[in-house]
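Worksheet: the structure to be examined is printed underneath.
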Amino acid sequence: MELFFMALILLAIYLICALLSPFLTSERRCPRPKLPLPPGTLGWPYVGETFQLYSQDPNIFFASKVKRYGPIFKTHILGCPCVMVSSPEAAKFVLVTKSHLFKPTFPASKERMLGKQAIFFHQGPYHSKLRKLVLRAFMPDAVRSKVSDVESLAIDCLKSMEERSIDNTFLELKTYSFNVALLSIFGKDEMTYREDLKRCYYILEKGYNSMPINLPGTLFHKSMRARCELGQILAKILATRRRRKFQHDQHHDLLSSFMGDKESLSDEQIADNIIGVIFAARDTTASVLTWIIKYLAENPTVLQAVTEEQEAVIKSKGESGKQGMLTWEDTKNMPLTSRVIQETLRVASILSFTFREAVEDVEYGG
Ligand code: HEM
-15 MELFFMALIL
-5 LAIYLICALL
5 SPFLTSERRC
15 PRPKLPLPPG
25 TLGWPYVGET
35 FQLYSQDPNI
45 FFASKVKRYG
55 PIFKTHILGC
65 PCVMVSSPEA
75 AKFVLVTKSH
85 LFKPTFPASK
95 ERMLGKQAIF
105 FHQGPYHSKL
115 RKLVLRAFMP
125 DAVRSKVSDV
135 ESLAIDCLKS
145 MEERSIDNTF
155 LELKTYSFNV
165 ALLSIFGKDE
175 MTYREDLKRC
185 YYILEKGYNS
195 MPINLPGTLF
205 HKSMRARCEL
215 GQILAKILAT
225 RRRRKFQHDQ
235 HHDLLSSFMG
245 DKESLSDEQI
255 ADNIIGVIFA
265 ARDTTASVLT
275 WIIKYLAENP
285 TVLQAVTEEQ
295 EAVIKSKGES
305 GKQGMLTWED
315 TKNMPLTSRV
325 IQETLRVASI
335 LSFTFREAVE
345 DVEYGG
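Numbering of the sequence shown is given in our numbering, commencing with residue -15 and proceeding in unit increments.
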């Protein structure tokens, strides 16, 4: 039930200011009845209900609010007055039928940490261009050559989990997906910078859900310093790539896609989007993998069938004399494994909420 509930939870944040201020300004020109806001409370001044949401499992916050106010309620999170919607009908209204009334947005703290040039904060031609560049780096042609390197990272991760007694699978898989993200972004160059990038990124992400108060000692301040250092490391990586004058077709990674001559992205745009992609890829991938492990453990028959499919791939490689690392072609011989991944993506609630900002007055449900 909780899963079902979480799958439905779509947090659409649209600034109440966007709802209220147009009323106030347009009222002078053309008086309109002031529409009521949804039930709920805005909590304390400025901090709102941020601590209630982030100091516990967010499910508990949502569940208690829904129980008290129903599936649509107002609150105040990370310095932003907002409305949360959690019914499938309201989510469809915001994301599908009336999506033109909303634009993607994120709390101010996240925008400052990822960088304002990141794809998530844009619409129009710049957004389309970034989408194309990101997709290009994850097309089969670009991914094909990386299969064996991804396998190496997976083997390292499994070995490390086996050697130590692991009490948090998700955290281990976050490390794995971080390493795969770096490989996809920087190719083999990632080894040189992995530890520095990791150190800074891990500090940065701790502040993603912090209040945007940039004073010494605050989480936000520490994260912003790490963000600054990340920017410096990325500038160094860009300079090194340019110095080496690699041809674009020699690299099939996201960095070369962003650095293509025709794309004319600035260094700031490249850096913001690299950090943005790590942010988009890391927790999501680790979460899917964790759910897959959970579901397989709960379904021994499916686990057995997936194991047999994987063993058959190893066996067929041996028989055809192509022993060694996994290849792109091998991944085509895993239909059942693929279906398990697809089914997990369908059933599990990977991204349990997202944010939108109203671009004009919105009336929903009277
Ligand atoms: C399997 C795990 C993943 C899931 C479930 C997932 C889910 C999503 C969802 C639901 C959105 C839309 C959010 C919104 O509209 O508010 C999104 C956006 C995005 N994701 Fe993923 N994602 C996953 C993995 C990745 C990976 C590996 C990458 C790496 C490239 C990535 C890059 C992005 C980007 C760049 C966007 C923004 C797209 C845009 O603004 O047009 N995601 N993701």
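We treat Cβ as the ideally placed atom computed from N, Cα and C, and that holds for glycine.
Worksheet item: Given Leu62, which residues of its chain have a CB within under 6 Å of its CB, disregarding the five upstream and five downstream residues?
Response: Translated into positions along the sequence shown, residue 62 becomes position 78. The answer, listed in chain order, is Thr34, Pro91 and Ser93.
Item to complete: State the Cα-Cα distance for the pair Leu114 and Phe162, rounded to the nearest angstrom.
Response: Within the sequence shown, the letter at position 130 stands for residue 114. Within the sequence shown, the letter at position 178 stands for residue 162. Their Cα atoms are separated by approximately 21 Å.
Discussion item. Can you determine whether any heavy atom of the ligand HEM sits closer than 7 Å to the C-beta of Ala75, and answer yes or no?
Written reply: For this step, residue 75 is matched to residue 91 along the sequence shown. Set against 7 Å, the gap from the CB of Ala75 to the closest heavy atom of the ligand HEM is not smaller.
Practice prompt. Grab me the residues of Phe154's own chain with a C-beta within less than 8 Å of its C-beta, minus the 5 sequence neighbours each way, in chain order.
Written response: Mapped onto the sequence shown, residue 154 falls at position 170. Result list for Phe154: Ala270, Ser271 and Thr274, in chain order.
Practice prompt. Check whether the stretch 252 to 267 touches the stretch 194 to 202, taking contact to mean three or more Cβ pairs, one atom from each stretch, closer than 8 Å.
Written response: Short answer: they don't touch.
Worksheet item: What residue range is occupied by the uninterrupted beta strand (DSSP E) comprising Phe405?
Response: Residue 405 lies beyond the stretch modelled for the chain, which goes from -15 to 350, so this question has no answer here.
Practice prompt. Starting from Phe154, trace the alpha helix (DSSP H) both ways and give me its first and last residue.
Written response: The sequence position of residue 154 within the sequence shown is 170, counting from 1. Boundaries of the alpha helix (DSSP H) around Phe154: Thr153 to Phe170.
Worksheet item: Pro301 by DSSP, collapsed to three states: which one?
Response: Residue 301 sits at position 317 when you count from the first residue of the sequence shown. Reading the sequence as shown, one finds Lys at residue 301 and not Pro. Helix.
Item to complete: Please go through the stretch 266 to 348 and give each complete alpha helix (DSSP H) segment of 4 or more residues, from N-terminal end onward.
Response: The stretch 266 to 348 contains, as complete alpha helix (DSSP H) runs of 4+ residues, the segments 284 to 303, 312 to 315 and 319 to 331 (chain order).
Item to complete: Would you mind sorting Val331 into buried or exposed? The rule is 16 or more other CB atoms within 10 Å of its CB.
Response: If you number the sequence shown from 1, residue 331 lands on position 347. Result: exposed.
Worksheet item: By Cβ distance, which residues of its chain are closer than 7 Å to Val50, with the 5 residues on each side in sequence left out?
Response: Here residue 50 is taken as the residue at index 66 of the sequence shown, counted from 1. Leaving aside the five residues that flank Val50 on each side, the residues in its chain whose CB is nearer than 7 Å to its CB run, in chain order, Ser70.
Discussion item. By DSSP's criteria, Met68 is part of a beta bridge. Which residues make up the other side?
Written reply: For this step, residue 68 is matched to residue 84 along the sequence shown. Per DSSP, Phe57.
Discussion item. Assuming contact is defined by CB atoms lying nearer than 8 Å, are Thr353 and Val346 in contact in what I supplied?
Written reply: Within the shown structure, residues of the chain are numbered from -15 to 350, placing residue 353 beyond reach of any answer.
Discussion item. Could you give the first and the last residue of the continuous alpha helix (DSSP H) run that contains Leu239?
Written reply: Numbered from 1 along the sequence shown, position 255 holds the residue referred to as residue 239. Note, Leu239: alpha helix (DSSP H), Leu238 to Met243.
Worksheet item: By how many angstroms is the C-alpha of Lys316 removed from the C-alpha of Val286?
Response: Indexing the sequence shown from 1 puts residue 286 at position 302. Indexing the sequence shown from 1 puts residue 316 at position 332. Val286 and Lys316 have their alpha carbons spaced roughly 19 Å apart.
Worksheet item: Going by the C-beta, is Ala138 closer than 7 Å to any heavy atom of the ligand HEM?
Response: Residue mapping note: residue 138 aligns to position 154 of the sequence shown, counting from 1. No, the beta carbon of Ala138 sits no closer than 7 Å to any heavy atom of the ligand HEM.
Item to complete: Using the Cα positions of Ile150 and Lys158, report the straight-line distance between them to the nearest angstrom.
Response: On the sequence shown, residue 150 is found 166 positions in, with the first residue counted as 1. On the sequence shown, residue 158 is found 174 positions in, with the first residue counted as 1. Roughly 13 Å between the two C-alpha positions.
Worksheet entry | Status (buried if at least 16 other CB within 10 Å, exposed otherwise) for Pro20 | Stepping through the sequence shown from its first residue, residue 20 is reached at position 36. The residue is exposed, with fewer than 16 neighbouring Cβ atoms inside 10 Å.
Discussion item. What I want to know is whether the C-beta of Pro382 ends up closer than 7 Å to one or more non-hydrogen atoms of the ligand HEM.
Written reply: Beyond the ends of the chain as shown, which are -15 and 350, falls residue 382; an answer cannot be given.
Worksheet item: When every heavy atom of the ligand FAD is checked, does at least one fall within less than 7 Å of the C-beta of Pro91?
Response: With respect to the ligand FAD, the structure offers nothing, as its ligand set consists of the ligand HEM.
Discussion item. Is any non-hydrogen atom of the ligand HEM found closer than 7 Å to the C-beta of His84, if you look at the structure I gave you?
Written reply: Reading the sequence shown from its first residue, position 100 is the one you call residue 84. No, the beta carbon of His84 sits no closer than 7 Å to any heavy atom of the ligand HEM.
Worksheet item: For Gly201, does the three-state DSSP call read helix, strand or coil?
Response: Start at 1 with the first residue of the sequence shown, and residue 201 comes out as number 217. In the structure shown, Gly201 sits in coil (DSSP, three-state: anything other than H, G, I, E or B).
Worksheet item: When burial is assigned at 16 or more other CB atoms within 10 Å of the CB, is Pro55 buried or exposed?
Response: For this step, residue 55 is matched to residue 71 along the sequence shown. By the neighbour-count rule (16 or more Cβ atoms within 10 Å), Pro55 is buried.
Fill in: Exposure label - Pro29; buried when at least 16 CB within 10 Å
Translated into the one-based positions of the sequence shown, residue 29 becomes position 45. By the 16-neighbour rule on beta-carbons within 10 angstroms, Pro29 is exposed.
Fill in: Contact the stretch 168 to 187 vs the stretch 239 to 259: 3+ CB pairs below 8 Å
Touching, per the Cβ criterion.
Worksheet item: Do three or more CB pairs link the stretch 203 to 214 to the stretch 179 to 195 at distances below 8 Å?
Response: Taking 8 Å as the limit for Cβ pairs, the verdict is that the stretch 179 to 195 does touch the stretch 203 to 214.
Practice prompt. Take every Cβ of the stretch 131 to 139, pair it with every Cβ of the stretch 240 to 247, and state whether three or more of those distances are shorter than 8 Å.
Written response: Too few Cβ pairs lie closer than 8 Å, so no.
Worksheet item: Three-state secondary structure (DSSP) at Gly24?
Response: In the sequence shown, residue 24 corresponds to position 40, counting from 1. Of the three classes helix, strand and coil, the one that applies to Gly24 here is strand, per DSSP.
Worksheet item: Looking at Ala255 and the ligand HEM, is the gap between the Cβ and the nearest heavy atom below 7 Å?
Response: Counted from its first residue, the sequence shown places residue 255 at position 271. No, the Cβ of Ala255 stays beyond 7 Å of every heavy atom of the ligand HEM.
Worksheet entry | Option in Val127, Arg225 and His111 with minimal Cα separation from Asp173 | Within the sequence shown, residue 173 is the residue found at index 189, counting from 1. Per the Cα distances, Arg225.
Fill in: Boundaries of the alpha helix (DSSP H) in which His111 is found, first to last residue
For this step, residue 111 is matched to residue 127 along the sequence shown. If you look at His111, you'll find it in the alpha helix (DSSP H) that goes Pro109 to Arg120.
Worksheet item: Is Arg115 near the ligand HEM, judged by its Cβ being under 7 Å from some heavy atom?
Response: Position 131 of the sequence shown, counted from the start, is the residue given in the question as residue 115. Checking every heavy atom of the ligand HEM against the Cβ of Arg115, one is found closer than 7 Å.
Worksheet entry | Selection from Cys212, Ser132, Tyr160 and Lys130 that minimises the alpha carbon distance to Lys143 | Residue 143 sits at position 159 when you count from the first residue of the sequence shown. Checking every option, the nearest Cα to that of Lys143 belongs to Tyr160.
Discussion item. On the CB-based measure, 16 or more other CB atoms within 10 Å of its CB, does Met123 come out buried or exposed?
Written reply: Position 139 of the sequence shown, counted from the first residue, corresponds to residue 123. Met123 is classed as exposed because its beta carbon has fewer than 16 other beta carbons within 10 Å across all chains shown.
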